[in-house]
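Visitor: One structure, as structure tokens, below. Some questions next.
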Amino acid sequence: MWTRSKNHIDDEKLHRVGEELLRVFDATEAEINAAAASPFLYRRVRARIAAEERRRSEERSRWFALLATARHAIPALALIAIVMAALSWYSPLTGFGPGTAEVSQNGTDLSAVYPSNEEVIDSLVGWRESGTGNNGSTTGRERR
Amino acid sequence: MEPLQIQEKTDDELVVAARQGDESAFSLLFERHRRTVARLAYRFFPRREQVEEIIQDSFVKAYFALGNYQGGHEKSFVAWLAQITVRTCYDELRRHQRRSESNIGDLTEDEAAYLNDRLRDLSASANVEGAAISRDLANKLLARLNPEDRMVLALLKQEELSIAEIAVLTGWTPAKVKMRSHRAQLGLKKILKKFL
């Protein structure tokens, strides 16, 4: 019980000291007036406002300059985009472009345009079986 | 605009004029309310140069935020400016704590002994010099609190505002203000216990 009442007193004391501490921290009216009436305070405020306005306008103009540069780059970028689109359109490997479109309409695919593996092998076999070429020459193996 | 005419204008009318680029209107707003800002800044900072810095910062922020001011009733410009000032003070407290995190609140042995004596009888600080030293030491102790706690204590105990008013000034919820004030008081007691 004694401990509890001691703690209570301690708590009360701390509370009182805390309040006093904050009171001590308070400034007097004279100090407040002196700080508020400090010479050139308003001029310094105006100077800061002017500096901030300058900074903002510089930032704005930087953006405008960037936009202007970007505007100059637009035709070049558009030209590059057109060239790239045209290249991809006419490339036979992509399956786009006028030539491949016709093939697709006829029901054939790219395998009809390019020889398949079997066709390549058949032609090689046929060439070997014939033994001689059209000009009458023989292969090295037949000569042995 | 005639000087007499402008003197009679309300804050809201001056804000409208300042928005339209009337420099004298903003100058008059500054004249009218710089004491309020200084008084509020002194709740958080003990030195005059710090307070002057807060006055400048607050008015510069207010100038660029004039477009957001809505006005309405008689005291609303003061309340709006107080809100800006409190937030400026809070930002500065946070900056200050970050800058001097390592040495903040480090008291010398003499200071600790002096503080111990003073804390036992703070109300006896009658002379100006004693008051200044006590204030400096009080600042060192209060600097050990985190900025949120410090702000709530200053507004609650020194400025004697209600929880709802603090909530408006800080932009926090009343529940958060209540919790913060409880923690701040506990924190302050904990700090004081070390020196008593």
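Line by line, the protein sequences give chains A and B. Position 46 (the first sequence) corresponds to 40 in our numbering; numbering is contiguous. In our numbering, each residue's number is its place in the second sequence (first place is 1) plus 18. Note that beta-carbon positions come from the ideal geometry of N, C-alpha and C, so glycine has one too. Computed from a predicted structure; not experimentally measured.
Taking the alpha carbon of L171 of chain B as the reference point, which residue from B:T191, B:V195, B:I73 and B:R105 has its own alpha carbon closest?
Guide: B:V195
Visitor: Quick one: Cα of Q38 of chain B to Cα of E49 of chain B, how far?
Guide: C-alpha separation (whole angstroms): 19 angstroms.
Visitor: Are F63 of chain B and V55 of chain B closer than 8 angstroms when you measure CB to CB?
Guide: no
Visitor: Flag this pair as yes or no: are the beta carbons of L174 of chain B and V104 of chain B separated by less than 8 angstroms?
Guide: no
Visitor: Give the straight-line distance between the Cα atoms of V77 of chain A and P69 of chain A, rounded to the nearest whole angstrom.
Guide: 12 angstroms
Visitor: Comparing C-alpha positions only, which one of B:Q101, B:L46 and B:L163 sits nearest to L179 of chain B?
Guide: When only C-alpha atoms are compared, the closest one is B:Q101.
Visitor: Quick one: what's got a C-beta closer than 7 angstroms to A80 of chain B's C-beta in the same chain, skipping five residues either side?
Guide: L99 and I102
Visitor: My assumption, with CB atoms under 8 angstroms, is that L46 of chain B sits in contact with L58 of chain B. Please give the rounded CB distance.
Guide: Actually they are not in contact, since the Cβ atoms of L46 of chain B and L58 of chain B sit about 20 angstroms apart, beyond 8 angstroms.
Visitor: State the DSSP-derived secondary structure class of Y108 of chain B, mapped to helix, strand or coil.
Guide: Secondary structure of Y108 of chain B (DSSP, three-state): helix.
Visitor: Compute the distance between the beta-carbons of A28 of chain A and R66 of chain B, then report whether it is under 8 angstroms.
Guide: Yes, the pair counts as a contact, with Cβ atoms nearer than the cut-off.
Visitor: List, in order along the chain, the chain A residues whose C-beta lies closer than 7 angstroms to that of N157 of chain B?
Guide: Here the neighbours are F19.
Visitor: Between A24 of chain A and chain B, is any beta-carbon pair separated by less than 8 angstroms?
Guide: no
Visitor: Determine the DSSP secondary structure at W190 of chain B, reduced to helix, strand or coil.
Guide: W190 of chain B falls in the coil class under three-state DSSP.
Visitor: Under a Cβ-count criterion, where at least 16 other Cβ atoms within 10 Å of its own Cβ denotes burial, should M169 of chain B be classed as buried or exposed?
Guide: buried
Visitor: Can you give me, in chain order, the residues of the region 55 to 67 of chain B that have a beta carbon less than 8 angstroms from any beta carbon in chain A?
Guide: For the region 55 to 67 of chain B, which is checked against every Cβ of chain A, the residues closer than 8 angstroms are V55, A56, R57, A59, Y60, R61, P64 and R66.
Visitor: On the premise that E52 of chain A lies in contact with F82 of chain B, defined as a C-beta separation below 8 angstroms, what is that separation, rounded to the nearest angstrom?
Guide: Not really, about 15 angstroms apart at Cβ, beyond 8 angstroms.
Visitor: Which residues in the same chain as L111 of chain B place their Cβ atom closer than 8 angstroms to its Cβ, once the five residues preceding and following it in sequence are excluded?
Guide: F62, P165, R168 and M169
Visitor: Out of A:H9, A:R40 and A:K7, state which residue places its alpha-carbon closest to the alpha-carbon of E41 of chain B.
Guide: A:R40
Visitor: Could you give the first and the last residue of the continuous alpha helix (DSSP H) run that contains Y87 of chain B?
Guide: Where Y87 of chain B is concerned, there is no enclosing alpha helix (DSSP H), given that its DSSP letter is neither H nor E.
Visitor: Taking Y36 of chain A as the query, report the chain B residues whose CB atoms sit under 7 angstroms from its CB, ordered along the chain.
Guide: S45 and F48
Visitor: Helix, strand or coil for G39 of chain B, going by three-state DSSP, please let me know.
Guide: Three-state result, G39 of chain B: coil.
Visitor: Tell me, to the nearest whole angstrom, how far the beta carbon of R162 of chain B is from that of V18 of chain A; I am working on the premise that it is less than 8 angstroms.
Guide: No, R162 of chain B and V18 of chain A are not in contact; Cβ-Cβ is about 16 angstroms, not under 8 angstroms.
Visitor: Determine, for K81 of chain B, whether the minimum Cβ-Cβ distance to residues of chain A falls below 8 angstroms.
Guide: At residue 81 of chain B the sequence reads Tyr, which differs from the Lys that was named. It does: the Cβ of Y81 of chain B has a partner Cβ on chain A nearer than 8 angstroms.
Visitor: Just to check my reading of the structure: A30 of chain A and R52 of chain B have Cβ atoms closer than 8 angstroms, yes? What is that Cβ distance to the nearest angstrom?
Guide: 5 angstroms
Visitor: Taking the runs of the beta strand (DSSP E) that are 3 residues or longer, which of them lie wholly in the region 7 to 44 of chain A?
Guide: none
Visitor: Taking the C-alpha atoms as reference points, what is the distance between A97 of chain B and R65 of chain A?
Guide: If you take the alpha carbons of A97 of chain B and R65 of chain A, they lie about 47 angstroms apart.
Visitor: Might you give, ordered along the chain, the residues of its own chain that have their beta carbon closer than 7 angstroms to the beta carbon of P192 of chain B, omitting 5 neighbours on each side?
Guide: I181, A182 and A185
Visitor: Which two residues bound the contiguous alpha helix (DSSP H) that contains L171 of chain B?
Guide: Counting along the chain, the alpha helix (DSSP H) containing L171 of chain B begins and ends at P165 to L171.
Visitor: Does any C-beta atom of chain A lie closer than 8 angstroms to the C-beta of F77 of chain B?
Guide: Chain A, which has a Cβ nearer than 8 angstroms to the Cβ of F77 of chain B, makes this yes.
Visitor: Using the rule of at least 16 other Cβ atoms within 10 Å of the residue's Cβ for burial, across every protein chain shown, is Q176 of chain B buried or exposed?
Guide: Buried: at least 16 other Cβ atoms inside 10 Å.
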